[in-house]
Amino acid sequence: MSGPKVINIEAVRRRQKRQSHVELRKLQLALAECERWQAQPQAAESLARLETLRQAEQWEPLLHEARRLHDFYREESQRLRQQHAAQHVTTLQRAHRLLQSLAQIQAQLQTLPASAERDALISQLSSSELGDQESALNTALQFIGQSHDAQTSRRLSELAASLIDADAAAPTATRPQAAADPHQQRLEKCWQLLGELSTEDPSPELDTLSDQARRISSAPADQQPMLLDSLALRLSTHLQDQRALRVWREELELLLTELDEIRSPQAEAWRQRLTTALSQPASIELKPSLPTEARAWIDQTLAEETREDQRTAVLRALAAIGYEVREGMATAWVEQGRLILRKPNDPGYGVELSAPAQGNAVQTRIVAFGTQARDPQRDLEVEETWCDAFETARATLEAEGFQASLIQSHPAGAIPLKTIAQQTAPARQQTTRPTLNAKPDPR
Numbered sequence: 000m001s002g003p004k005v006i007n008i009e010a011v012r013r014r015q016k017r018q019s020h021v022e023l024r025k026l027q028l029a030l031a032e033c034e035r036w037q038a039q040p041q042a043a044e045s046l047a048r049l050e051t052l053r054q055a056e057q058w059e060p061l062l063h064e065a066r067r068l069h070d071f072y073r074e075e076s077q078r079l080r081q082q083h084a085a086q087h088v089t090t091l092q093r094a095h096r097l098l099q100s101l102a103q104i105q106a107q108l109q110t111l112p113a114s115a116e117r118d119a120l121i122s123q124l125s126s127s128e129l130g131d132q133e134s135a136l137n138t139a140l141q142f143i144g145q146s147h148d149a150q151t152s153r154r155l156s157e158l159a160a161s162l163i164d165a166d167a168a169a170p171t172a173t174r175p176q177a178a179a180d181p182h183q184q185r186l187e188k189c190w191q192l193l194g195e196l197s198t199e200d201p202s203p204e205l206d207t208l209s210d211q212a213r214r215i216s217s218a219p220a221d222q223q224p225m226l227l228d229s230l231a232l233r234l235s236t237h238l239q240d241q242r243a244l245r246v247w248r249e250e251l252e253l254l255l256t257e258l259d260e261i262r263s264p265q266a267e268a269w270r271q272r273l274t275t276a277l278s279q280p281a282s283i284e285l286k287p288s289l290p291t292e293a294r295a296w297i298d299q300t301l302a303e304e305t306r307e308d309q310r311t312a313v314l315r316a317l318a319a320i321g322y323e324v325r326e327g328m329a330t331a332w333v334e335q336g337r338l339i340l341r342k343p344n345d346p347g348y349g350v351e352l353s354a355p356a357q358g359n360a361v362q363t364r365i366v367a368f369g370t371q372a373r374d375p376q377r378d379l380e381v382e383e384t385w386c387d388a389f390e391t392a393r394a395t396l397e398a399e400g401f402q403a404s405l406i407q408s409h410p411a412g413a414i415p416l417k418t419i420a421q422q423t424a425p426a427r428q429q430t431t432r433p434t435l436n437a438k439p440d441p442r
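Here numbering that gives the first Met the number 0 is used: the sequence shown runs in plain steps of one and ends on residue 442.
Here you go:
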């Protein structure tokens with residue numbers, strides 16, 4: 000197959016390098032999320048191994064290992080996040096039950112005759128320190144026990160214990176199942192939302208919202224459903240906003256990583272824009288369109304730079320097998336959509352390169368110069384010779400990190416050679432390749 004050919008040229012090495020850097024950044028973000036909750040000392044060895052692969056430009060194994068580690072730490076961070084949320088819910092529930100217990104015991108103390116000891120206990124039960132409250136609660140139970148019969152004292156002790164620790168009441172097997180309390184279910188929903196919020200937004204506002212839930216639980220029973228539903232809606236909206244903010248920030252971090260692989264001078268302006276957005280306080284309204292705008296610009300610029308690298312690599316590969324390549328040819332190829340090259344020792348024939356403005360496909364075909372009659376056998380020999388030259392150029396491309404896949408090919412002689420008028424043929428002059436000798440960054 001030595002006639003016209005269509006090949007697809009993909010910058011594999013550059014793509015793998017870019018993807019590797021993105022995967023490394025994703026891994027770093029997942030690892031940082033894990034370390035919010037728990038140290039990960041074993042990660043240092045894995046990161047060192049990945050750094051060795053990066054320095055050796057072993058992109059394919061690096062991609063595989065980075066993705067594997069990222070998936071592991073992402074799952075681990077989700078597990079730790081859920082664990083932290085559950086622990087926070089337990090803390091909120093226990094604090095709420097303690098307040099209920101304190102209210103019960105204070106009410107019981109108020110029924111006793113006034114005394115200095117009784118008044119001191121009531122004051123201690125109002126303390127803001129959790130340890131002081133629990134200590135005062137135990138002392139108050141003993142004090143009440145001295146003024147009541149054993150059965151009443153035991154009942155109060157069991158009540159206090161069950162309020163502080165829900166599992167401290169009677170064994171499950173002997174405890175009758177109580178019907179679900181709609182008010183309690185609403186309150187539990189608020190606790191769950193507050194627990195999830197604690198993993199997203201550990202701010203003073205979270206304490207304010209927790210206090211609000213506790214105050215509502217002490218409101219008149221007929222007001223609680225509406226107040227708790229309103230609070231749950233507010234918490235749910237806030238949680239969605241915080242999750243969206245976390246995803247938005249991660250997108251910007253990854254986009255910044257991709258900008259490092261772009262040569263365009265405009266990349267710096269985008270870098271400053273994204274960095275400024277990341278530095279803004281969480282309270283400032285985010286710009287949802289920013290990641291989309293940055294992604295569109297990055298994709299377009301990467302595609303343009305990749306096609307530029309492909310054209311330069313093709314010309315360099317043809318120069319290596321003897322074709323005349325001059326400075327400015329890559330630009331002319333872009334402007335005209337096609338380019339004709341020839342060898343100094345074979346002035347009657349050349350090779351035409353054509354490519355669409357978009358995409359990676361390149362068509363190559365042998366062309367003849369001049370309008371004089373030609374020997375058909377000579378045309379066939381030139382096409383067959385081009386077959387070997389094409390494979391050599393293709394091997395050069397692959398050695399430079401490009402994958403040149405043959406999409407379409409015609410047998411030698413199947414299609415008559417295209418004839419190019421001599422005046423439009425490329426002028427023969429000394430070959431200079433100052434911009435083609437230097438290989439592009441194989442990104």
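Virtual Cβ for every residue (Gly too), placed ideally from N, Cα, C.
Which residues mark the beginning and the end of the beta strand (DSSP E) in which Ser100 is found?
Where Ser100 is concerned, there is no enclosing beta strand (DSSP E), although the alpha helix (DSSP H) it sits in stretches over Trp58 to Gln109.
Environment of Thr291 [buried if 16+ CB atoms lie within 10 Å]:
exposed
Look at the alpha carbon of Ala403 and the alpha carbon of Leu255, and state the distance between them as a whole number of angstroms.
30 Å
I believe Asn344 touches Gln309 by the beta-carbon criterion, under 8 Å. Please report the beta-carbon distance rounded to the nearest angstrom.
The pair is not a contact, with the Cβ atoms about 27 Å apart (cut-off 8 Å).
For Gly349, which of helix, strand or coil comes out of DSSP?
strand
For the beta strand (DSSP E) holding Glu9, just list the boundary residues, first then last.
Lys4 to Glu9
Can you give me the C-alpha to C-alpha distance between Ala168 and Ser100, rounded to a whole angstrom?
Model confidence at Ala168 stands at a pLDDT of 42, short of 50, so the residue's coordinates are unreliable; what they give is reported in the following sentence. Using only the alpha carbons, I get a separation of about 13 Å.
Rounded separation between Leu208 and Leu120 - CA only:
29 Å
Could you check how far apart the C-beta atoms of Gln123 and Ala135 are, in whole angstroms? I think they sit under 8 Å.
4 Å
Taking the alpha carbon of Leu79 as the point to measure from, which residue in Gln39, Asn137, Thr418 and Ala113 has its own alpha carbon closest?
Gln39
Taking Cβ positions only, does Gln239 come closer than 8 Å to chain D?
Judged by its chain identifiers, the structure shown contains no chain D, having just a single protein chain.
Given a cut-off of 8 Å, decide if Gln223 and His182 are closer than it, judged by their beta-carbon atoms.
yes
Just reading off the alpha helix (DSSP H) that Gln362 is part of, what are its end residues?
Unbroken run through Gln362 is the beta strand (DSSP E), Ala360 to Phe368; no alpha helix (DSSP H).
In this structure, how does DSSP classify Ala318 when only helix, strand and coil are distinguished?
helix
Would you mind sorting His63 into buried or exposed? The rule is 16 or more other CB atoms within 10 Å of its CB.
exposed
Glu267: which of Ser288, Arg242, Ala293 and Trp247 sits nearest, CA to CA?
Ala293
Could you compute how far the alpha carbon of Ala356 sits from the alpha carbon of Gln191?
55 Å
Rounding to the nearest angstrom, what Cα-Cα distance links Ser322 and Leu244 in this structure?
It is Tyr, not Ser, that sits at residue 322 in the sequence shown. The straight-line gap from Cα to Cα measures roughly 55 Å.
Do the segment 300-309 and the segment 2-20 meet, that is, are 3 or more Cβ pairs less than 8 Å apart?
yes
Local conformation of Ile339 per DSSP, three classes
strand
Terminal residues of the beta strand (DSSP E) in which Ile406 lies
Gln402 to Ser408
Would you kindly work out how many angstroms separate the C-alpha atoms of Ala413 and Glu383, rounded to a whole number?
12 Å
Would you kindly report the start and end of the unbroken beta strand (DSSP E) that includes Ile215?
That residue, Ile215, is in no beta strand (DSSP E); its alpha helix (DSSP H) goes Pro203 to Ser216.
Within 8 Å, strictly: CB atoms of Cys189 and Leu230
yes
Might you give, ordered along the chain, the residues of its own chain that have their beta carbon closer than 7 Å to the beta carbon of Ser45, omitting 5 neighbours on each side?
Leu68
Can you name the start and end residues of the alpha helix (DSSP H) that Lys188 belongs to?
Pro181 to Ser197
Among the residues of its own chain, which have a CB less than 8 Å from the CB of Gln176, if the five just before and after it don't count?
Below a pLDDT of 50, predicted positions are generally treated as unreliable, and Gln176, at 49, falls in that range; the measurement from the model is reported next regardless. Cβ within range, chain order: n/a, list empty.
Buried or exposed: which applies to Gln107, given that a residue is buried once 16 or more other Cβ atoms fall within 10 Å of its Cβ?
buried
Per DSSP, the bridge partner or partners of Thr236:
DSSP, once it has assigned bridges, lists no residue as partnering Thr236.
Bounding residues of the alpha helix (DSSP H) (the contiguous stretch that carries Ile121)
Ala115 to Leu124
Three or more C-beta pairs under 8 Å: does that hold for the segment 311-321 against the segment 387-404?
yes
Assuming Ile419 is part of the beta strand (DSSP E), what are its boundary residues?
Lys417 to Ile419
May I ask which residues mark the beginning and end of the alpha helix (DSSP H) holding Gln376?
Pro375 to Ala398
Counting Cβ pairs closer than 8 Å, one from the segment 43-61 and one from the segment 19-34, do we hit at least three?
yes
Hey, would you say Leu23 sits closer than 8 Å to Leu49, going by beta carbons?
yes
Nearest neighbour of Leu91, chosen from Glu32, Ala139, Leu301 and Glu195 [CA to CA]
Glu195
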